[in-house]
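Visitor: When you read off a place in the sequence shown, starting at 1, and then add 37, the result is the number in my numbering. We put the CB at the ideal spot given by N, CA and C, even for glycine.
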Amino acid sequence: MNPIALIDKYCGGNDPLRHVLLTHSQKVADMALRIARKHPELNLDLDFVYEAAMLHDIGIVMTDAPSIHCMGTEHYLRHGWLGGDILRKEGLPQHARVAERHTGTGLTAKSIVEQELPLPPMDLVPESLEEQLICYADKFYSKTNLEKEKTYEKARRSLLRFGEDGLAVFDRWYALFGV
Numbered sequence: 038m039n040p041i042a043l044i045d046k047y048c049g050g051n052d053p054l055r056h057v058l059l060t061h062s063q064k065v066a067d068m069a070l071r072i073a074r075k076h077p078e079l080n081l082d083l084d085f086v087y088e089a090a091m092l093h094d095i096g097i098v099m100t101d102a103p104s105i106h107c108m109g110t111e112h113y114l115r116h117g118w119l120g121g122d123i124l125r126k127e128g129l130p131q132h133a134r135v136a137e138r139h140t141g142t143g144l145t146a147k148s149i150v151e152q153e154l155p156l157p158p159m160d161l162v163p164e165s166l167e168e169q170l171i172c173y174a175d176k177f178y179s180k181t182n183l184e185k186e187k188t189y190e191k192a193r194r195s196l197l198r199f200g201e202d203g204l205a206v207f208d209r210w211y212a213l214f215g216v
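Structure below.
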């Protein structure tokens with residue numbers, strides 16, 4: 038499977054969006070693979086980690102986020118869910134799980150309902166180690182400052198809006214994966 042060909046298919050000639058999506062995704066994939074190789078004891082599927090990390094944000098193509106060249110109509114918070122839908126239609130159900138579960142450190146049905154988020158009321162929390170690793174690596178990179186890797190402290194601080202539960206999950210991932 039060629040994730041770049043799939044990105045090209047969905048970027049629809051929007052070269053600035055393609056650049057943002059490819060640059061961000063490649064950085065996430067590089068970090069996830071670097072961590073996975075440092076932890077052979079976790080027996081992670083490296084091919085899957087690369088592919089899923091490259092495709093985790095494909096749903097941004099459907100969102101309205103002009104600052105990162107997304108000219109769709111959907112709320113940006115839905116990009117993971119939308120990406121999951123795209124990837125399922127492409128016959129990639131495991132990749133879809135990564136896309137739909139990478140927001141924050143994952144979202145519970147309870148938090149979706151309590152915060153009135155524009156998502157279905159269901160648990161969208163990373164479960165497999167590969168899902169967790171990609172979600173973790175994603176927190177070190179933004180799509181607005183493509184060249185800069187966040188420090189652990191800055192990545193952790195960016196999760197404050199998701200509450201203490203998200204911080205506890207991130208801290209567990211740090212203990213498991215490091216940086």
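(1) Should residue 176 and residue 192 be called a contact, given that it needs their Cβ atoms to be closer than 8 Å?
(2) Return the bridge partner residues of residue 127 from the DSSP annotation.
(3) Using DSSP's beta-bridge definition, name the partner residues of residue 100.
(4) Assign residue 143 to one of three DSSP states: helix, strand, or coil.
(5) Within 10 angstroms of its Cβ, does residue 94 collect 16 or more other Cβ (buried), or is it exposed?
(6) Going straight from the alpha carbon of residue 57 to that of residue 105, what length do you get?
(7) Where does the unbroken alpha helix (DSSP H) through residue 217 begin, and where does it stop?
(8) Alpha carbons only, please: which of 91, 107, 211 is nearest the one belonging to residue 129?
(9) If we call anything under 8 Å between Cβ atoms a contact, is residue 183 one with residue 161?
(10) Rounded to a whole number of angstroms, what is the C-alpha to C-alpha distance between residue 204 and residue 187?
(11) Quick one: what does DSSP say residue 177 is sitting in, helix, strand or coil?
(12) Keeping to the same chain, check which residues put their C-beta closer than 6 Å to that of residue 172; ignore five residues upstream and five downstream.
(13) The alpha helix (DSSP H) spanning residue 74 covers which residue range?
(14) Please state whether DSSP places residue 198 in a helix, a strand or coil.
Guide: Let me spell this out:
(1) Yes; because the gap between Cβ atoms is below 8 Å, this pair is in contact.
(2) Its beta-bridge partners do not exist; DSSP assigns none.
(3) 111
(4) strand
(5) buried
(6) 7 Å
(7) It is not possible to answer for residue 217, since the shown part of the chain is limited to 38 through 216.
(8) Of the candidates 91, 107, 211, the one whose C-alpha sits nearest the C-alpha of residue 129 is 91.
(9) no
(10) 16 Å
(11) coil
(12) 139, 163
(13) 52-75
(14) helix
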